[in-house]
Amino acid sequence: FDRPGIDDHVDLSCMIYNEMECLARIAVISDRFDDAAEWREQAQKLADAINERMWDEETGFYYDVRADGEFLKMKTVVGFLPIWAGIVSQERLGRLMAHLLDPREFATEFPIPTVALDEPSFSDDMWRGPTWINMNYLIFRGLMRNGLIAEANDIRAATLRQIAKWYDSEGAIYEYYDCFAKTAPRMLHRKGGVGGRGGYGIGTIADYGWSAALYVALANEGIE
Numbered sequence: 049f050d051r052p053g054i055d056d057h058v059d060l061s062c063m064i065y066n067e068m069e070c071l072a073r074i075a076v077i078s079d080r081f082d083d084a085a086e087w088r089e090q091a092q093k094l095a096d097a098i099n100e101r102m103w104d105e106e107t108g109f110y111y112d113v114r115a116d117g118e119f120l121k122m123k124t125v126v127g128f129l130p131i132w133a134g135i136v137s138q139e140r141l142g143r144l145m146a147h148l149l150d151p152r153e154f155a156t157e158f159p160i161p162t163v164a165l166d167e168p169s170f171s172d173d174m175w176r177g178p179t180w181i182n183m184n185y186l187i188f189r190g191l192m193r194n195g196l197i198a199e200a201n202d203i204r205a206a207t208l209r210q211i212a213k214w215y216d217s218e219g220a221i222y223e224y225y226d227c228f229a230k231t232a233p234r235m236l237h238r239k240g241g242v243g244g245r246g247g248y249g250i251g252t253i254a255d256y257g258w259s260a261a262l263y264v265a266l267a268n269e270g271i272e
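Using the numbering used here, the first residue of the sequence shown is number 49, and each one after it goes up by one.
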């Protein structure tokens, strides 16, 4: 978002882990058991690397890592994606939940902000604070996977409520939303600019595909 460089990222690493798990399941269905074993082995190596290199014991959070091995020490929403991937121990899960449920960090009116409220770089600009529906959905699925049903349903309910609220007033489903649920999405910053004249002349995108699709997915959750 704001610096060049080749880093190791929590979100991409967790998504690749998930792809490997999916490939292993596909291989089993296809009776390719050697392939399944290889994908599971690769997935486990990646999970071990995430837990060894990206977890900070002092703060109890997962961080992106610079090419030199140093943490990019900013608490962001992607630090919760190891929950979705299913690679978090119970002890670490408890520490992550303390961050997620803290109103000084991530427990906002419209959770989950992309950057924690107590970070100096928090703002209303795109990936520096606003709530993204795709991240909410993945974390919702992760909490369900770990048996945290009440916490998952709180995120689901808040997400559905806020999308509907802004659709009623603005007539669109947006790319991202104000985590405080006060500012209209079209008036949030986008890479420096605000409203319809955001960064590069593009404001917050309306009629946004995955936000709309995930609204439907969340609305249908639990319906046979």
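For each residue, glycine too, the CB sits at the ideal point set by N, CA and C.
Going along the chain, which residues of its own chain have a beta-carbon closer than 6 Å to the beta-carbon of residue 237, five neighbours each way excluded? Within the sequence shown, the letter at position 189 stands for residue 237. So the qualifying residues of the chain are 172 and 173.
Would you mind giving the Cβ-Cβ distance between residue 115 and residue 166, rounded to the nearest angstrom? I have them listed as a contact below 8 Å. Translated into the one-based positions of the sequence shown, residue 115 becomes position 67. Translated into the one-based positions of the sequence shown, residue 166 becomes position 118. The Cβ separation is near 27 Å, so there is no contact.
Can you pull the DSSP bridge partners for residue 119? Here the question's residue 119 lines up with position 71 in the sequence shown. Residue 119 is bridged to 113.
Look at residue 183 and residue 125 and say whether their C-beta atoms are less than 8 Å apart. To locate residue 183, count along the sequence shown from 1; it is residue 135. To locate residue 125, count along the sequence shown from 1; it is residue 77. In contact: residue 183 and residue 125 (Cβ atoms closer than 8 Å).
What residue from 149, 112, 156 and 105 has the CA that sits closest to residue 139's CA? By one-based count along the sequence shown, residue 139 stands at place 91. Ranking 149, 112, 156 and 105 by Cα distance to residue 139 puts 105 first.
Alpha helix (DSSP H) containing residue 222: first to last residue? If you number the sequence shown from 1, residue 222 lands on position 174. Note, residue 222: premise wrong, no alpha helix (DSSP H); not H, not E.
DSSP puts residue 205 in a beta bridge; with which residues? For the purposes of this step, residue 205 is identified with residue 157 of the sequence shown, where counting begins at 1. According to DSSP, residue 205 bridges with nothing at all.
Three-pair Cβ contact test at 8 Å for the stretch 253-268 versus the stretch 213-225: yes
Compute the Euclidean distance between the alpha carbons of residue 123 and residue 85, then round it to the nearest angstrom. Position 75 of the sequence shown, counted from the start, is the residue given in the question as residue 123. Position 37 of the sequence shown, counted from the start, is the residue given in the question as residue 85. Spanning the two alpha carbons is a distance of roughly 35 Å.
Enclosing alpha helix (DSSP H) for residue 67 [first to last residue]: Numbered from 1 along the sequence shown, position 19 holds the residue referred to as residue 67. 58-77 is the span of the alpha helix (DSSP H), which, as asked, contains residue 67.
Closer than 7 Å by C-beta to residue 192: which residues in its own chain qualify, once you throw out the five before and the five after it? Chain order, please. As a position in the sequence shown, residue 192 is number 144, starting the count at 1. Excluding residues within five positions, the ones whose Cβ falls inside 7 Å are 200.
If you draw a straight line from the alpha carbon of residue 169 to that of residue 162, how long is it in whole angstroms? Indexing the sequence shown from 1 puts residue 169 at position 121. Indexing the sequence shown from 1 puts residue 162 at position 114. C-alpha separation (whole angstroms): 11 Å.
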